[in-house]
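Visitor: Dropping a structure here in structure tokens format, bear with me for questions.
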DNA sequence: GTTAACCACGCAAGCGTTTGCGTAATTGGC
DNA sequence: GCCAATTACGCAAACGCTTGCGTGGTTAAC
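Chains as they are written, first to last, in my numbering: chain A, 1 to 340; chain B, 341 to 680.
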């Protein structure tokens with residue numbers, strides 16, 4: 001047999017040999033099993049300490065068919081919103097003795113599929129995922145379902161039946177945002193929304209429409225424009241809004257980055273921020289308060305807490321507290337925060 | 341024997357039984373081994389596809405004593421600098437078929453030690469770590485060294501001999517920064533530095549002193565103050581600098597967050613930014629350009645590229661291209677970027 | 001004194017995969 | 001037609017650990 005490179009790490013076999021007892025006794029002694037004599041336990045535990053013994057987790061993972069690992073797949077790790085979420089996920093996973101495998105899709109569907117594949121091969125116990133902007137096909141998640149690997153979707157959740165999900169109630173947050181603008185006297189409010197297929201976009205639009213309804217105002221579809229979240233797309237959207245006959249005096253933007261791009265565009269058009277035009281956004285950067293022209297208000301989405309909630313839901317499934325097919329959608333409340 | 345919950349995943353044993361051949365043949369067929377007949381190969385591969393066979397990585401990890409996993413330990417996942425770095429690390433790990441285990445220390449030494457322990461138990465092939473602000477004891481890294489688990493330190497590197505490390509040449513960047521201020525006519529330049537024991541702090545101080553030396557100016561130790569990077573600490577540091585007899589007209593701050601805190605303090609003292617006082621900082625947030633009072637210039641540290649470089653160095657060690665005891669310090673050039 | 005209970009430990013299987021070696025059967029060279 | 005090389009596969013061990021079951025030996029109960 002090929003002599004595998006021994007990492008030098010002592011094994012229970014080693015301990016057993018040195019103490020002239022069987023490996024099973026060593027194993028049980030280390031687990032404080034009741035059927036092992038106190039003397040033996042002590043001897044084993046002392047020798048283990050001396051040798052610096054450490055259980056080989058890979059062996060246990062393999063033997064138990066469980067890895068105490070969760071895969072987390074996000075579109076972009078460097079975005080503030082997601083990195084806060086990761087922080088929340090890692091914190092609660094850590095305190096439950098789980099570790100975190102990481103992958104970023106860069107909004108690329110093929111890469112998303114590959115990472116899910118890799119997670120599956122790594123036999124993760126479960127996944128937390130926020131899908132990419134361009135993902136249209138959900139076969140990879142169907143695979144996970146068949147493999148009985150639980151998935152909790154989070155923030156960017158796909159439009160699928162029977163899923164576990166944690167997200168923010170953007171509809172109500174949007175209602176608050178539009179309410180705020182209406183109360184400040186704005187009557188022609190534009191919205192730069194995200195890609196149409198995202199639930200997040202649908203919710204924003206729904207909130208917008210509901211807020212108008214509450215105030216018995218009629219809704220003009222021209223005022224909501226779906227953009228692609230790039231600077232160019234935002235500029236195009238702004239151009240569209242500013243060309244309309246009714247003068248747009250306020251804009252709700254999909255997120256802070258879009259807001260900042262929109263502000264740039266408005267400034268180029270010689271518009272005065274907060275006078276000619278007011279912006280309200282959805283918070284996803286911690287430094288927006290330091291920004292030159294911050295949005296007048298923004299809808300806080302609590303990414304850290306969302307990450308915690310998603311992880312807790314996943315852990316509940318893994319513990320058996322929550323049944324795998326008891327699909328839950330945890331919807332957290334968003335909150336409008338004024339900056340002026 | 342206890343019947344382990346079969347995940348329903350097909351194994352090579354399954355395939356072997358169905359085809360009436362041995363598992364070794366199946367294994368070799370799936371690896372395209374030359375000693376397997378074409379017909380057999382085809383039959384195996386087809387059945388594997390039909391059954392949706394997927395190798396059990398945990399078994400392979402265990403058997404090979406290698407996990408194709410690297411642990412990455414950072415102080416704070418939600419900080420822009422680190423999340424960019426993660427992005428770089430994940431990208432290059434991914435394209436080399438490695439996956440990433442994540443941990444954040446929150447600058448807590450005990451937690452840092454626990455995470456390293458967990459990484460070790462998970463039998464990661466190597467680690468990339470940026471140490472916490474408060475870490476004084478390096479026993480956990482000594483453990484890794486003894487276990488022959490390679491570690492590449494990155495950005496916040498400990499003051500230890502014989503380590504692999506990737507960092508930015510903050511000294512030269514600082515020279516550029518101070519040069520820039522001197523050329524703009526500033527003669528009394530303060531520096532809000534980080535905790536003394538950090539190499540990053542020492543480099544900044546050294547650069548500051550070297551720049552003054554280049555211009556034949558004498559160095560006043562009062563002008564460099566070590567702070568703890570909190571808002572309160574920064575305020576105290578600013579207070580100290582502004583109380584000095586010689587009027588400080590420019591300040592080099594440890595990072596953008598410190599800069600923003602310092603700006604806040606200066607504003608409270610009714611100072612006019614970029615007139616009464618000018619700030620230069622070290623870039624670690626992508627949105628500093630949107631900030632109301634951005635630093636006049638900042639030293640870019642290229643976190644994404646640093647992450648890539650650290651990962652590449654680690655992979656070189658794992659591949660055997662670079663010897664484990666051939667300690668390398670890769671120092672990347674920082675670059676002063678003007679914002680005005 | 002017999003039975004039952006319990007204590008302390010060993011045996012061995014099994015998790016899924018890889019791989020060195022052994023061994024038939026086939027082929028080719030002369 | 002004989003030996004060697006090649007082809008095509010099987011055997012079994014090994015990775016480290018857990019755990020159901022078996023087995024002596026001691027103690028307690030009636």
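We put the beta carbon where it would ideally sit given N, CA and C, even for glycine. Note that the structure is a prediction, hence the values are computed from the model and not measured.
Mind listing, in chain order, the continuous beta strand (DSSP E) runs of no fewer than 3 residues lying wholly within the segment 380-451 of chain B?
Guide: 409-414 and 439-444
Visitor: Within the chosen definition, does the segment 508-516 of chain B reach the segment 481-490 of chain B through at least 3 CB pairs nearer than 8 Å?
Guide: no
Visitor: Given a threshold of 16 other Cβ atoms within 10 Å of its Cβ, counted over all protein chains shown, does residue 501/B qualify as buried or as exposed?
Guide: As a position in the second chain, residue 501/B is number 161, starting the count at 1. Result: exposed.
Visitor: Hey, could you find the ends of the beta strand (DSSP E) residue 282/A is sitting in?
Guide: The residue given as residue 282/A occupies position 282 in the first chain. Start and end: 278-282.
Visitor: Residue 441/B touches chain A at which residues, Cβ-Cβ below 9 Å?
Guide: Stepping through the second chain from its first residue, residue 441/B is reached at position 101. Within chain A, the residues near residue 441/B are 69, 99, 100, 101 and 102.
Visitor: Is the Cβ-Cβ distance between residue 166/A and residue 310/A less than 7 Å?
Guide: The sequence position of residue 166/A within the first chain is 166, counting from 1. The sequence position of residue 310/A within the first chain is 310, counting from 1. Yes, these two residues count as a Cβ contact at 7 Å.
Visitor: As a quick exercise: from 638/B, 588/B and 452/B, pick the residue whose alpha carbon is nearest that of residue 600/B.
Guide: In the second chain, the residue the question calls residue 600/B occupies position 260. Of 638/B, 588/B and 452/B, the residue nearest in Cα terms is 638/B.
Visitor: Are there three or more Cβ pairs, one per stretch, closer than 8 Å when the segment 205-218 of chain A is compared with the segment 231-250 of chain A?
Guide: no
Visitor: Quick one: Cα of residue 39/A to Cα of residue 46/A, how far?
Guide: Position 39 of the first chain, counted from the start, is the residue given in the question as residue 39/A. Position 46 of the first chain, counted from the start, is the residue given in the question as residue 46/A. If you take the alpha carbons of residue 39/A and residue 46/A, they lie about 11 Å apart.
Visitor: Quick one: list the residues of chain A neighbouring residue 401/B, beta-carbon separation under 8 Å, in chain order.
Guide: Here residue 401/B corresponds to residue number 61 of the second chain, with the count starting at 1. Here the neighbours are 58, 61 and 62.
Visitor: I'd like to check one pair, residue 402/B with residue 254/A: are the Cβ atoms closer than 7 Å?
Guide: Here residue 254/A corresponds to residue number 254 of the first chain, with the count starting at 1. Here residue 402/B corresponds to residue number 62 of the second chain, with the count starting at 1. Cβ distance not < 7 Å, so residue 254/A and residue 402/B don't count as in contact.
Visitor: Quick check: what's the CA-CA separation for residue 620/B versus residue 307/A?
Guide: On the second chain, position 280 is the one that residue 620/B refers to. On the first chain, position 307 is the one that residue 307/A refers to. C-alpha separation (whole angstroms): 35 Å.
Visitor: List the residues of chain B whose Cβ lies closer than 8 Å to the Cβ of residue 317/A, in chain order.
Guide: On the first chain, residue 317/A is found 317 positions in, with the first residue counted as 1. By Cβ distance, chain B contributes nothing, its closest Cβ being about 15 Å from residue 317/A, past 8 Å.
Visitor: By Cβ distance, which residues of its chain are closer than 8 Å to residue 236/A, with the 5 residues on each side in sequence left out?
Guide: The count along the first chain starts at 1 and reaches residue 236/A at position 236. 227, listed in sequence order.
Visitor: If we cut at 7 Å on Cβ distances, does residue 522/B have a partner in chain A?
Guide: The residue given as residue 522/B occupies position 182 in the second chain. Contact of residue 522/B with chain A is not assigned, every C-beta pair being separated by 7 Å or more.
Visitor: Quick check on residue 635/B: buried or exposed, where buried means 16 or more other Cβ atoms within 10 Å of its Cβ?
Guide: The residue you call residue 635/B lines up with position 295 of the second chain. That one is buried.
Visitor: Residues of the segment 107-129 of chain A with a CB closer than 9 Å to any CB of chain B: list them in chain order, please.
Guide: Of all residues in the segment 107-129 of chain A, 111, 114, 115, 117, 118, 119, 120, 121, 122 and 123 have a Cβ within less than 9 Å of some Cβ in chain B.
Visitor: Per DSSP, which residues does residue 299/A bridge with? Please list them.
Guide: Here residue 299/A is taken as the residue at index 299 of the first chain, counted from 1. Partner(s): 282/A and 336/A.
Visitor: Report yes or no: is there a C-beta of chain B within less than 7 Å of the C-beta of residue 87/A?
Guide: Residue numbering aside, residue 87/A sits at position 87 when the first chain is read from its first letter. With 7 Å as the cut-off, residue 87/A counts as an interface residue toward chain B.
Visitor: Which residue comes first and which comes last in the alpha helix (DSSP H) that contains residue 173/A?
Guide: Here residue 173/A corresponds to residue number 173 of the first chain, with the count starting at 1. Run containing residue 173/A: 170-183, per the alpha helix (DSSP H) assignment.
Visitor: Specify the secondary structure class of residue 659/B as computed by DSSP and reduced to three states.
Guide: What you label residue 659/B is simply residue 319 of the second chain in a count that begins at 1. Helix.
Visitor: Might you give, ordered along the chain, the residues of its own chain that have their beta carbon closer than 6 Å to the beta carbon of residue 98/A, omitting 5 neighbours on each side?
Guide: Numbered from 1 along the first chain, position 98 holds the residue referred to as residue 98/A. Closer than 6 Å at the Cβ level, and outside the excluded window around residue 98/A, lie 68 and 70.
Visitor: Of all the options 508/B, 503/B and 389/B, which has the alpha carbon lying nearest to the alpha carbon of residue 421/B?
Guide: Taking the second chain and counting its residues from 1, the one referred to as residue 421/B is at position 81. Minimum Cα distance to residue 421/B is reached at 508/B.
Visitor: Measuring alpha carbon to alpha carbon, tell me which of 56/A, 84/A, 116/A and 282/A ends up nearest residue 457/B.
Guide: Reading the second chain from its first residue, position 117 is the one you call residue 457/B. Nearest option by C-alpha distance: 56/A.
Visitor: Could you check what DSSP says for residue 588/B in three-state terms: helix, strand or coil?
Guide: As a first step, residue 588/B is located in the second chain; it is residue number 248 there, counting from the start. Three-state DSSP puts residue 588/B in coil, outside helix and strand.
Visitor: By Cβ distance, which residues of its chain are closer than 6 Å to residue 176/A, with the 5 residues on each side in sequence left out?
Guide: On the first chain, position 176 is the one that residue 176/A refers to. The answer, listed in chain order, is 336.
Visitor: Between which two residues does the beta strand (DSSP E) carrying residue 530/B extend?
Guide: Taking the second chain and counting its residues from 1, the one referred to as residue 530/B is at position 190. Looking at the DSSP string, the run of the beta strand (DSSP E) that includes residue 530/B is 529-533.
Visitor: Kindly list, in the order they appear in chain A, the residues whose Cβ is closer than 7 Å to that of residue 423/B.
Guide: Sequence index remark: in the second chain, residue 423/B carries index 83 (1-based). Chain-order list of chain A residues neighbouring residue 423/B: 77, 78 and 83, by C-beta distance under 7 Å.
Visitor: Just the Cα atoms here: how many angstroms apart are residue 293/A and residue 529/B?
Guide: Counting from one through the first chain, the residue named residue 293/A turns up at place 293. Counting from one through the second chain, the residue named residue 529/B turns up at place 189. Rounded to the nearest angstrom, the two C-alpha atoms are 30 Å apart.
Visitor: By the 8 Å beta-carbon criterion, what residues does the segment 152-172 of chain A contribute toward chain B?
Guide: none
Visitor: Expressed to the nearest angstrom, what Euclidean distance is found between the alpha-carbon atoms of residue 43/A and residue 316/A?
Guide: Numbered from its first residue, the first chain carries residue 43/A at position 43. Numbered from its first residue, the first chain carries residue 316/A at position 316. Cα to Cα, residue 43/A sits roughly 38 Å from residue 316/A.
Visitor: Pick helix, strand or coil for residue 165/A, following the three-state DSSP scheme.
Guide: Residue numbering aside, residue 165/A sits at position 165 when the first chain is read from its first letter. Secondary structure of residue 165/A (DSSP, three-state): strand.
Visitor: Kindly indicate which three-state DSSP category residue 36/A falls into: helix, strand or coil?
Guide: For this step, residue 36/A is matched to residue 36 along the first chain. Three-state DSSP puts residue 36/A in coil, outside helix and strand.
Visitor: Can you give me the Cβ contacts of residue 645/B inside the same chain, cut-off strictly under 8 Å, excluding the 5 residues immediately before and after it?
Guide: The count along the second chain starts at 1 and reaches residue 645/B at position 305. Excluding five sequence positions before and after residue 645/B, the CB atoms of its chain that fall closer than 8 Å to its own CB belong to 428 and 672, given in chain order.
Visitor: With distances taken between CB atoms, is the gap from residue 72/A to residue 102/A smaller than 7 Å?
Guide: Residue mapping note: residue 72/A aligns to position 72 of the first chain, counting from 1. Residue mapping note: residue 102/A aligns to position 102 of the first chain, counting from 1. Yes.
Visitor: Less than 7 Å between the C-beta atoms of residue 578/B and residue 622/B, yes or no?
Guide: Here residue 578/B corresponds to residue number 238 of the second chain, with the count starting at 1. Here residue 622/B corresponds to residue number 282 of the second chain, with the count starting at 1. For residue 578/B and residue 622/B, no; Cβs fall outside 7 Å.
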